[in-house]
Structures are given as C-alpha cells and as structure tokens.
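Okay, so here's the structure we're looking at.
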Amino acid sequence: MIDSLEVQEFDYLEQALLEASVPFSEITRQYARYLLSLIDGGVLASISTPKLKVLIPYIEKSIQREPIESDGDLRRRLVLELWTVEQQHRKSDEDFANLIRCVLFCFATEECWIEEGTGDATPIYLYFLALKKILPGTRKAFINGFQDFIAANGKYTFHE
Numbered sequence: 119m120i121d122s123l124e125v126q127e128f129d130y131l132e133q134a135l136l137e138a139s140v141p142f143s144e145i146t147r148q149y150a151r152y153l154l155s156l157i158d159g160g161v162l163a164s165i166s167t168p169k170l171k172v173l174i175p176y177i178e179k180s181i182q183r184e185p186i187e188s189d190g191d192l193r194r195r196l197v198l199e200l201w202t203v204e205q206q207h208r209k210s211d212e213d214f215a216n217l218i219r220c221v222l223f224c225f226a227t228e229e230c231w232i233e234e235g236t237g238d239a240t241p242i243y244l245y246f247l248a249l250k251k252i253l254p255g256t257r258k259a260f261i262n263g264f265q266d267f268i269a270a271n272g273k274y275t276f277h278e
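Residue numbers (my numbering): 119 to 278.
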C-alpha cells in the first residue's frame, strides 16, 4: 500500500532539491554521507560490525564523486565487487544485502539515471525506498537529513 503522506513528503523534498539546483552528484554524495552516518551512529544494529566495515571504504570512495563520474572502469570494478558480495549474502543476510544495494546507488551517475528513465526528476525517493527495507522507521530522519543538507548549503529553505 502506498503511503500518500510519504509520497507527498518526498514530492516536497524533491521539489526543494530541484529549486535549490542540487546536482545529481551532490544528492548521491549526500546519500552516501547519510549511509555513513547510520553506520557511525550504530543505527544499523541488525548488520554485524565486520560486515559494515567492509562497506565503509566503498561508501567513502563514492563520496569522492570525481573519480566515480570520470572513470567508468573504476566505477564498474567497484560495482562488480559490491554485486559479488551482495550475491554471497542475498539469502543468508537480507539486511546486509539490502544495504549493499543502497551502497550501489552511491555509484550511480546522472547519465545512468537519465538512461534508466524512471520518470522521477531525482533519485531521492528510490534511495529512501531501498533504505526503508532495512530501517522501516527512517522516513523522518532521512527527510530531515536532506532538508538540513539543503539549508546548510544556503540554497533553499524547506517549507511544507
């Protein structure tokens, strides 16, 4: 069942991102930072610490957008490594596999997003839906994290 309040909140957030002219790469970078904050904050307790530590270097690399955007071979190699780990844990640790899928989004480029043609102007709702599989109650914190990001950059003040 689609939560109409959730959809409305993400429509507002997406509009705020667009009005603030936040580029795709910055949305993705902020998502990666948000994932790191969840790991650092101990929020992902359903996933073992050693497994989380495996993902940290990937997330950190994805935050450095320039190599990801410009070096297709590097991006493909890192994505392939992550898919390999995801496949190994898909059945044995669903939360970890879902988190890997979240991390994979951190390696997306605007060109890929446009080619996929989802119809959405930004990937923000997709990013949330992937994370919601692990943290069902994360909506407010996720939205607030992006609202704070927009406000901190002085680009836009969020209004509901």
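Think of the CB as a built atom: it goes at the ideal place given N, C-alpha and C, for glycine as much as any other residue. Keep in mind the model is a prediction, meaning the values are calculated, not measured.
Ranked by Cα distance from Ser210, the first of Lys169, Ile232 and Leu253 is Lys169. Collapsing the DSSP output to three states places Phe225 in coil. When the five nearest sequence neighbours on each side are left out, the beta carbons in the same chain lying within less than 8 Å of the beta carbon of Leu154 are those of Ile174, Ile177, Glu178 and Ile181, in order along the chain.
In the structure shown, the three-state DSSP call for Val140 is coil. The three-state reading of DSSP puts Ala239 in coil, since its state is none of H, G, I, E or B.
Check the Cα spacing between Ile242 and each of Asp121, Tyr130 and Gln205: the tightest is with Tyr130. Taking C-beta atoms under 8 Å as the contact rule, Ala248 and Arg208 fail to qualify, at a distance of about 14 Å. The C-beta distance from Glu144 to Thr240 rounds to 10 Å, too long to fall under 8 Å, and the pair is not in contact. Contact annotation, Val197 with Phe214: C-beta distance approximately 17 Å; criterion of less than 8 Å not satisfied.
Val221 counts as buried, since at least 16 other C-beta atoms from the protein chains shown sit within 10 angstroms of its C-beta. Around the Cβ of Asn271, a 10 Å sphere holds fewer than 16 other Cβ atoms; the residue is exposed. Comparing alpha carbon positions, the residue from Gly255, Gln265, Asn262 and Ile268 closest to Asp121 is Gly255.
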